[in-house]
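Worksheet: one structure, shown below.
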Amino acid sequence: MRRILSAFCLTLLTAPAAWSAQCITSQGAFNGYKQGLAQQAASSGVGQRGMQALQSAQLSGITWRFESQPSSQSGVSYGDPATFLAKRSGGSAQGFINQVASKVSSNANLFSSLENAYGVPGSVLATIWGLETSFGGYLGKTPVVGGAVTLASYCRRHPRFESHAIAALQLVDRGVISTSTQGGPSGELGHMQFLAGNWARYGVDANGDGRADPYNAVDALASAANLLRSNGWQPGQPFGQGTRNFQVLSAWNDSGNYQRAIAYAAERVGN
């Protein structure tokens, strides 16, 4: 991984529209939802490539099935973060922590540069990286635009995620992603599984190649650090439960299970 050379934020092209497309509860209504979303996308400045991506987007079956389940895994509360880590990683909590420590050690210059730039310890960033994609081992197989639009269409998630669907179309316009780019089932992008709107806001070019790329590990890790720092992360301060930095982790993921797991693993890795 190359040394961080430069960083800059990407912002949304336009502010969200004042109205939103009508949400749906039936898969058969998906095309109708897309028609409504197309009007909103046009008013938000989405260009030809983004509009074509919306037109060709297909409903993501895996996204719909997950959202249709009344008792999803995310609704289970784990009092013990080690149990959550083991469940999430498919192994033991200590095994996952050892992997995080190895990533931090083998990329010491990168994580040191990130902490110098943003104040976020490498142990925290590497823990998130491991939880999201097994350190880039699995980036997802769902078309990003289709997943983002499907999530936005579903009434339980709408309109909270509609801005991310619009942002995904804007990222197509910019050439950050294409209609064939794959990611997580809810339209998550790259190594750190950013939602499109968050990438548009916090994505940085950390390797100096002139573009912020969520599928480049250096850019993705730096962007995660940028998100946390921009949301109040305090450099050099503790991040265990009850601290201000622990609360900032909710800007990454609002699941208490997830926040506790990040703090638990990162504290045991050290800096």
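In terms of mature numbering (1 follows the signal peptide of the UniProt record, and there is no 0), the sequence shown is residues -20 to -1, 1 to 251.
Idealized CB from N, CA, C, for every residue including glycine.
Limits of the unbroken alpha helix (DSSP H) element including residue i
i	result
residue 252	A question about residue 252 goes unanswered here, because the residues of the chain that appear run from -20 up to 251.
Arg45	Gly41 to Ser48
Glu112	Gly102 to Thr113
Trp179	Ala176 to Tyr182
Arg68	Pro61 to Ser69
Gly12	Phe10 to Ser23
Lys83	Ala73 to Ser86
Leu199	Note on residue identity: the sequence assigns Asp, not Leu, to residue 199. Unbroken alpha helix (DSSP H) run through Asp199: Ala197 to Ser210.
Ser36	Gln28 to Ser36
Gln217	Taken as a continuous stretch (DSSP letters only), Gln217 belongs to no alpha helix (DSSP H), as it is neither H nor E.
Tyr244	Gly236 to Val249
Rounded C-alpha distance that separates residue i from residue j
i	j	result
Gly99	Asn11	45 Å
Thr229	Gln239	Per the sequence shown, residue 229 should be read as Leu rather than Thr. Between Leu229 and Gln239, the C-alpha separation is close to 6 Å.
Arg181	Ser6	32 Å
Asn89	Asn96	10 Å
Gly183	Gly71	31 Å
Asp153	Gln74	43 Å
Gly222	Val249	19 Å
Ala128	Ser48	16 Å
Leu111	Phe46	19 Å
Gln53	Phe219	Any reading at Gln53 must be qualified, since the residue scores a pLDDT of 48, below 50, and its modelled position is unreliable; the value itself is stated next. Distance between the alpha carbons of Gln53 and Phe219: 25 Å.
Ser23	Met31	11 Å
Asp189	Gly59	43 Å
Arg140	Ile157	22 Å
Ser85	Gln35	45 Å
Ala148	Asp185	18 Å
Reference residue i, options the options, closest by Cα
i	options	result
Ala62	Phe141, Ser48, Leu151 and Ala241	Ala241
Gln150	Cys135, Phe219 and Trp179	Trp179
Gly8	Tyr134, Pro123 and Gly117	Tyr134
Gly16	Glu142, Asn225, Ser160 and Ile42	Glu142
Ala204	Gly190, Phe219, Pro218 and Asn233	Asn233
Val198	Gln221, Gly126, Trp109 and Ala176	Trp109
Asn187	Arg248, Gly30, Ser93 and Leu175	Ser93
Trp44	Ala132, Pro215 and Lys83	Ala132
Asn87	Gln32, Phe115 and Phe174	Phe115
Ala200	Pro218, Pro215 and Ala176	Ala176
Thr159	Gln20, Ile4, Gln2 and Ala33	Ala33
Gly155	Ala37, Gly27, Asn237 and Ala202	Gly27
Gly41	Gly164, Ala202 and Gln217	Gly164
Gln217	Asn237, Gly236, Asp60 and Glu247	Glu247
Own chain, CB closer than 7 Å to residue i, minus 5 neighbours either side, in chain order
i	result
Ala245	Leu65, Phe76, Ile77, Val80 and Thr107
Trp213	Gly99, Val100, Asn225 and Val228
Arg137	Glu47 and Leu131
Close beta carbons around residue i, own chain, < 6 Å, minus the five adjacent residues each side
i	result
Tyr13	Ala1, Ile4 and Ser133
Ala37	Val125, Gly126 and Val129
Pairs of beta-carbons, one from the segment 96 to 106 and one from the segment 205 to 217, closer than 8 Å: are there three or more? yes
Stretch-stretch touch, CB-based, cutoff 8 Å, three pairs: the segment 184 to 194 with the segment 161 to 175: The segment 184 to 194 is in contact with the segment 161 to 175.
Can at least three beta-carbon pairs, one atom from the segment 219 to 235 and one from the segment 113 to 128, be found at a separation below 8 Å? no
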